[in-house]
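Below: the structure, in structure tokens.
Protein chains in written order, with the working numbering: chain A, 1090 to 1429; chain B, 1090 to 1429; chain C, 1090 to 1429; chain D, 1090 to 1429.
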């Protein structure tokens, strides 16, 4: 089977594996206090143009979300997101497990809007209600959409007016950067208080780099990381991988590769008159296929099921850093032959 | 510097790295539902002689401890351990973070005793007190000691009398198995309700294999794993590693290698009249050096600081699967030359 | 000022105060193991026609909700309610504080619908999502509406099909019973797994009687009550009060008194052409007044602010067990004089 | 039976009941924003000589402990107490339920010592360990002992050196003040950051007055109170009671009454050669009776069981604000007649 259901079906990018093999027999101190982590952090701060940021690593996205959110919130505070936000729907209550409410607002195109956020924060609250203490968005979002620079600016402005920190989940950031016209790393870093650069879905074996552009939010963060079981004993593994990803532009190339292939698929769908369930400018594609077409395609390919729509079905097709042009071309050919 | 402070200074065993490289570009389903995990689980059940067990993987030890303990306990229950237990002293309150008290009993030689446990459980409790709901021990313990088969039998008998599950943390199990005379995997599996086989400190890049010999305790455990941010997206990485570790006896060889070198160091210390802070039959060694001796050794080697004792200092020396005989021989020579 | 903003502006019903005074100097055992609690529990079980139920007391509603919900749910489970449910909006995250998600469905007339519940539970979930583990409704609801016997039957049927317990919050149950045509205590008791009979808002100084019609849900519940700081030292105070409330039909009379006065107010509003923000068959009334009218009324009366609607405002008027006919008649007269 | 097992066997002091009855039919705003609460708070601040303090009420002691501790601590911090501390042994893990470790040090005479505290805080910690974030003591302690002014000064000095707030649980403060030579309310208020004045065990029906002498610790405390289900709807009940207790010295008289009777009992025990299990200068007395003596006394009186000691048994006798001299004289006579 050729897998298109997600962007974490493979191991890691060759450059990352090469670095892991090369450093495997080296002797270093544990828990991320090593030189590889130090070097990766410096590279990330430089490329984000955020010299005062603090960078820390986590093994996965749920860990990063939980650590950041539960570290910032006071006990009676909640985190605001849109209702399709990953922390609201796909983390088995990991945020609530730390005692905090996820305050979900209606999504527009998978995104939180500055207007909805402003409206929520304008309502006075009292001690009978959860207080909004952080705003969470992801870029790209769960449905592949992207915030424009203007949208980010507006959301961040509302956060600042209300003195609430903004956190951007960048699990698929490589694809968002490659797809987006106007949001790059320095722009992102200067328009939120903390974000993370996804490794797991973007070329690493695993790992996310949490960038606290507001370093006050990182106060005693290593205690929080440990308490959540996220302080990797061989922490250098994270440093080695992010060092490799941010050497010679690997991270950006991986993103561009996936986006080029995603565009080919989208073009094919458009030409074949296949509509989409969610419009997505990034590497996740949500076509609605006739069930007969889908059954035929599924003999050779795997997709993620999104929604059953009578005699049609919406699925997710992901391209990723590891997707081959050969496989995409084959898929396109098969779609063209099946959809008539 | 030559590092002896712990057993997680290197990457992974060559057999593990070879397997990771070999499988790197394969396409698999995520979250541990792949064939590598399936195969590793089968191997583990077979070698433990526990065909009805359920096996699940976690990235690290704190995760494994937190998931297992918080899944089993009712809200008002606590977990019993000895006061030097890892969950009591070195996890930044990760167990308490899930709402549960760690009920610490006095350790004897770093171990929980059946007598102390029986005494605790004999006292009737009421609704004003935390109820003991699980017993936690580690093998080897935090100070390198080992439970004999008889000790394990006695503790498990007390647990069964009181209908409280027994959990054995095996973060350093490879070394415990190599050092112990009478506790092997099938014995361990049949004398507790759940345990984990440590990978991180025993040859893997990372990872622990949780073995629920009482499969009832694994009810909906994948929900718990996800909720704690421990469901690795590329879950196959854990399967690939444990598959390699339990092929051709690699795991046992790695343990034996470390123990052979540990014995050389212990023999040297004994011959030089260096006493130890904790007696340890396993791969952790706790010599008490004159400060002048230590200062000299520290020019070339790293150790973990254990205790300041006036003009002497207790440190920890660990051998591990990656320790070389060459480095151990050099250390021995230097100890002999420095301690007069 | 004459207070109409809520139904807890006074102390307690004379019968309750008389009982508290009469028993004040008696000597009893603590923590609710006394004869008054025993007697009150028996009366409640009898009047609910639920001989196998277990009854326990809590001081307040948030306590009762938190204890019941967190005792029943497994860590990865959430509680389903409608989005205007009290636990979702007015308890400062008390449920989330115990680690559980409140899964809010759209309300219809302030109520959860069997259809929405069935739809939610029909969607298969996996380990990435919170599992629904309990259903919460209140009767009356936050906006004064009531479940009909048929609606309760339908919701309970969906719960049973899905093997999920149903919990009914009865903070204002006296008023719901008096207002409802077809739901009485035996009907309620036989159409849910656990509910509570509100005292705080219905004639007691404080206190709620939790009735576990499914006694399995009360397993070790006293541990849970204590752990949440809700095991009153002088637990008899709760027994004394509920004993008084369920002697000679006091509880039902208090409800009927309030409802008769509420009907007078509603009739007046209707006659004056004042529309309501939420239709409510119970003791909470939500008129929409012209701001000028409201300003005038507020010189003499207090109401709870509900919503600003331009030159109109929605407020809440509550009648309660302690509301006097004299005050209601005065209010009616003033409304008639002000609204022209 | 005549009950001596605890100091919460009765209702409330006549002055308190009189105030509750007198104010019962008054109409006030809810949740403690009423004039009775305001007046009680002012009286408490004045009598504590703490004009800048913030005063808030809770219904019971476990609530007060949980709210204060969980409000102050950061997630990875724990609260230090002695191993016999109430929060460590008699609250069913209520502190751990909020995610925090109770860090227990060995008690000396039921008390935490400045020396043990200083020693603990002198050990450097890192991110693998729980950080001490608050110190908890009770006055009187669980075993009836009292801190001298000098001991309090020393403990508070250690806290200040380490910038860790000190919290004093005063569940039985009336008795501690009456028994102690040199600790009065102004001294206590100026030697800790927050404490509470116990009502439940000292003349109220229920209720504790939390006094934040460091008002920064009370930041958004009403959110915390609500979140823990401790914001009493008819909050005025707490104001009315504390207003009565701090009018005309009632609180102090109740304490003195109990202490005078306790001294009579202690004198009798001493004269009869009955030794005690814990020495106690306050209203809790811990005699060790021959089992035959105890059996005889138990026909008429109730005591709390403390420890079985072969053919002897240690019990607790409490005098309280409601204990009558008549009953104490009868008990004394019976002890004298039984112990020969």
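Glycine included, C-beta positions come from ideal geometry on N, C-alpha and C.
Tell me, please, whether the CB atom of residue i is closer than 9 Å to any CB atom in chain D?
i: residue 1312 of chain C; result: yes
i: residue 1391 of chain B; result: no
i: residue 1498 of chain C; result: Lying before the first or after the last residue shown, residue 1498 of chain C is absent from chain C, which here runs from 1090 to 1429.
For residue i, which option in the options has the closest C-alpha, if you only look at C-alpha atoms?
i: residue 1326 of chain C; options: C:1120, C:1169, C:1173; result: C:1120
i: residue 1375 of chain C; options: C:1091, C:1365, C:1108, C:1169; result: C:1365
i: residue 1161 of chain C; options: C:1309, C:1352, C:1422, C:1390; result: C:1309
i: residue 1276 of chain A; options: A:1236, A:1344, A:1409, A:1428; result: A:1236
i: residue 1387 of chain A; options: A:1341, A:1420, A:1095, A:1271; result: A:1420
i: residue 1404 of chain B; options: B:1095, B:1102, B:1090; result: B:1095
i: residue 1371 of chain C; options: C:1303, C:1234, C:1139; result: C:1234
i: residue 1470 of chain D; options: B:1385, B:1107, B:1165, B:1132; result: With chain D represented from 1090 up to 1429, any question about residue 1470 of chain D goes unanswered, as that position is not in the structure.
i: residue 1183 of chain C; options: D:1401, D:1323, D:1313, D:1395; result: D:1313
i: residue 1142 of chain C; options: C:1278, C:1291, C:1418; result: C:1278
i: residue 1406 of chain D; options: D:1399, D:1393, D:1400, D:1415; result: D:1393
i: residue 1257 of chain B; options: B:1220, B:1283, B:1108; result: B:1283
i: residue 1242 of chain D; options: D:1281, D:1267, D:1332; result: D:1281
Using a beta-carbon distance below 9 Å, is residue i in contact with chain C?
i: residue 1086 of chain D; result: Absent from the structure is residue 1086 of chain D, since the part of chain D shown begins at 1090 and ends at 1429.
i: residue 1294 of chain D; result: yes
i: residue 1098 of chain A; result: no
i: residue 1179 of chain A; result: yes
Please report the Cβ distance between residue i and residue j, rounded to the nearest whole angstrom; I am assuming they are in contact, meaning their Cβ atoms lie under 8 Å.
i: residue 1440 of chain A; j: residue 1225 of chain A; result: Past the edges of chain A, shown from 1090 to 1429, lies residue 1440 of chain A, and the structure says nothing about it.
i: residue 1216 of chain A; j: residue 1320 of chain D; result: 7 Å
i: residue 1173 of chain C; j: residue 1250 of chain C; result: About 25 Å; that fails the 8 Å criterion.
i: residue 1399 of chain D; j: residue 1188 of chain B; result: Contact flag wrong, Cβ pair sits at about 39 Å.
i: residue 1222 of chain D; j: residue 1167 of chain D; result: 6 Å
i: residue 1112 of chain C; j: residue 1125 of chain C; result: 7 Å
Under 9 Å, Cβ to Cβ, is there at least one residue of chain A near residue i?
i: residue 1136 of chain B; result: no
i: residue 1168 of chain B; result: no
i: residue 1431 of chain C; result: A query on residue 1431 of chain C cannot be resolved here, the shown segment of chain C reaching from 1090 to 1429 and no further.
i: residue 1280 of chain C; result: no
i: residue 1094 of chain D; result: no
With respect to 8 Å, is the separation between the Cβ of residue i and the closest non-hydrogen atom of the ligand NAD below this value?
i: residue 1425 of chain C; result: The ligand NAD is not part of this structure, which contains no ligands at all.
Please decide whether residue i counts as near chain B, where near means a Cβ-Cβ distance under 9 Å.
i: residue 1091 of chain A; result: yes
i: residue 1379 of chain C; result: no
i: residue 1291 of chain A; result: no
i: residue 1216 of chain C; result: yes
- Using a Cβ cut-off of 7 Å, which residues of the stretch 1218–1238 of chain D contact any Cβ in chain B, in chain order? When C-beta distances to chain B are compared with 7 Å, the residues of the stretch 1218–1238 of chain D below that value are 1218, 1219, in chain order.
- Message: Taking beta-carbon pairs under 9 Å, can you tell me which members of the stretch 1183–1198 of chain C lie near chain A?
- Response: Taking 9 Å as the Cβ-Cβ cut-off against chain A, the residues of the stretch 1183–1198 of chain C that qualify are 1184, 1185, 1186, 1187, 1188, 1189, 1190, 1191, 1193.
- Query: At a Cβ cut of 8 Å, what residues of the stretch 1109–1127 of chain C count as close to chain D, listed as they run along the chain?
  - Reply: Look at the stretch 1109–1127 of chain C: the residues with a C-beta under 8 Å from a C-beta of chain D are 1109, 1110, 1112, 1113, 1114, 1115, 1116, 1117, 1118, 1119.
- Item | Three-pair Cβ contact test at 8 Å for the stretch 1200–1218 of chain B versus the stretch 1262–1276 of chain B | The stretch 1200–1218 of chain B, when compared against the stretch 1262–1276 of chain B, does not touch it at the 8 Å Cβ threshold.
- Task: Scan the stretch 1298–1309 of chain C for residues whose Cβ lies nearer than 8 Å to a Cβ of chain B and list them as they occur along the chain.
- Result: Within the stretch 1298–1309 of chain C, the residues whose Cβ lies closer than 8 Å to some Cβ of chain B are 1309, listed in chain order.
- Anything in the stretch 1400–1423 of chain A with a Cβ closer than 9 Å to a Cβ of chain D? List those residues in chain order, please. Of all residues in the stretch 1400–1423 of chain A, none has a C-beta nearer than 9 Å to a C-beta of chain D.
- Task: Using a Cβ-Cβ cut-off of less than 8 Å, list which residues of the stretch 1139–1167 of chain D approach chain A; keep chain order.
- Result: Along the stretch 1139–1167 of chain D, the positions whose C-beta sits under 8 Å from a C-beta of chain A are 1159, 1160, 1163, 1164, 1165, read in chain order.
- Message: Can you pull out the residues from the stretch 1310–1335 of chain A whose beta carbon lies closer than 8 Å to at least one beta carbon of chain D?
- Response: Of all residues in the stretch 1310–1335 of chain A, 1311, 1312, 1313, 1314, 1315, 1316, 1320 have a Cβ within less than 8 Å of some Cβ in chain D.
- Message: Does the contact criterion of 3 or more C-beta pairs under 8 Å hold for the stretch 1098–1110 of chain D versus the stretch 1110–1127 of chain C?
- Response: A contact exists between the stretch 1098–1110 of chain D and the stretch 1110–1127 of chain C.
- Message: Whether or not the stretch 1147–1154 of chain A and the stretch 1332–1352 of chain A are in contact is what I'm after, with contact meaning three or more pairs of Cβ atoms, one per stretch, closer than 8 Å; do they touch?
- Response: Verdict: no, contact absent.
- Query: Contact between the stretch 1325–1341 of chain D and the stretch 1176–1192 of chain D: three or more CB pairs below 8 Å?
  - Reply: Output reads no: the stretch 1176–1192 of chain D does not touch the stretch 1325–1341 of chain D.
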